[in-house]
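The sequence shown begins at 1 in the UniProt record's numbering and counts up by one. A short write-up of the structure that comes next.
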Amino acid sequence: MPKDTITDADEKVIMEAIQEAERNTSGEIRVHIENNCEGEVLDRATEVFAQLHMHLTKQRNGVLFYVAIKDHQFAVLGDAGINAIVPDHFWEDITAEVISHFKKQEYAAGLAKGVIMAGEQLKSHFPYSDKGDLNELSDDISFGK
């Protein structure tokens with residue numbers, strides 16, 4: 001189980017980063033962690049994105065951070081509403097930052113930093129509105145096998 005690597009304290013750090021990032025945006029961020037990636041990492045991330053119903057957000061502004069710890073695989077995937085407007089280097093910058101932490105086995109710190117970076121970009125394109133802006137997706141980390 002990925003819970004062997006991600007401690008309760010790590011989980012708390014990651015969830016607090018998600019909540020902080022979402023405080024200023026209508027965007028929705030999820031983190032999914034599993035040990036092994038079945039197939040290509042982007043294909044697997046796309047499957048998880050669908051399983052978590054992330055494509056059902058009102059503005060199509062969900063972001064998934066996918067990690068396969070034992071296979072050393074990582075992907076960050078955004079929905080159509082985000083991909084249409086973020087800068088070209090958006091995903092690459094986040095990926096580079098997260099992986100730099102992963103190389104030092106700082107999984108929680110890397111994910112937290114990436115989540116905050118995503119939140120900053122989402123804030124400028126999908127600002128939080130106090131008029132009916134709901135937390136459409138859970139802030140909990142989902143875990144696979």
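Even for Gly, the Cβ is constructed at its ideal location relative to N, Cα and C.
Query - Gly62 classed as buried or exposed, judged by whether at least 16 other C-beta atoms fall within 10 angstroms - result: buried
Query raised in the report: Among Gly39, Glu16, Lys103, Glu40, which residue has its Cα nearest to the Cα of Arg30?
Result: Glu16
Query - DSSP bridge partner residues for Arg30 (one or two, in chain order) - result: Leu64
**Report entry** C-beta contact flag for Phe49 and Leu77 at 8 Å
**Finding:** yes
Query raised in the report: Going by the beta-carbon positions, is the gap between Glu34 and Gly144 smaller than 8 Å?
Result: yes
Requested in this report: Report the three-state DSSP secondary structure of Gly78 (helix, strand or coil).
Outcome: strand
Report task. Quick one: grab the DSSP three-state call for Gln105. Result -> coil
Query raised in the report: Exposed or buried, what is Leu122 when buried is set at 16 or more other beta-carbons lying within 10 Å of its beta-carbon?
Result: buried
Query raised in the report: Leaving out five residues before and five after Gln59 in sequence, what residues of the same chain have Cβ atoms less than 7 Å from its Cβ?
Result: Ser26, Gly81, Phe126
Query raised in the report: At least one CB of chain C closer than 8 Å to the CB of Glu22: is that the case?
Result: Within the model displayed, chain C is absent; a lone protein chain is all it includes.
**Report entry** Unbroken alpha helix (DSSP H) run spanning Thr46, endpoints
**Finding:** 41-51
**Report entry** Cα-Cα separation between Gln19 and Gly39, rounded to whole angstroms
**Finding:** 31 Å
Query - Contacting residues, own chain, Cβ-Cβ under 8 Å from Ile94 (five flanking each side not counted) - result: Val76, Gly114, Met117, Ala118
Query raised in the report: Among Thr46, Lys70, Glu22, which has the Cα closest to the Cα of Tyr107?
Result: Lys70
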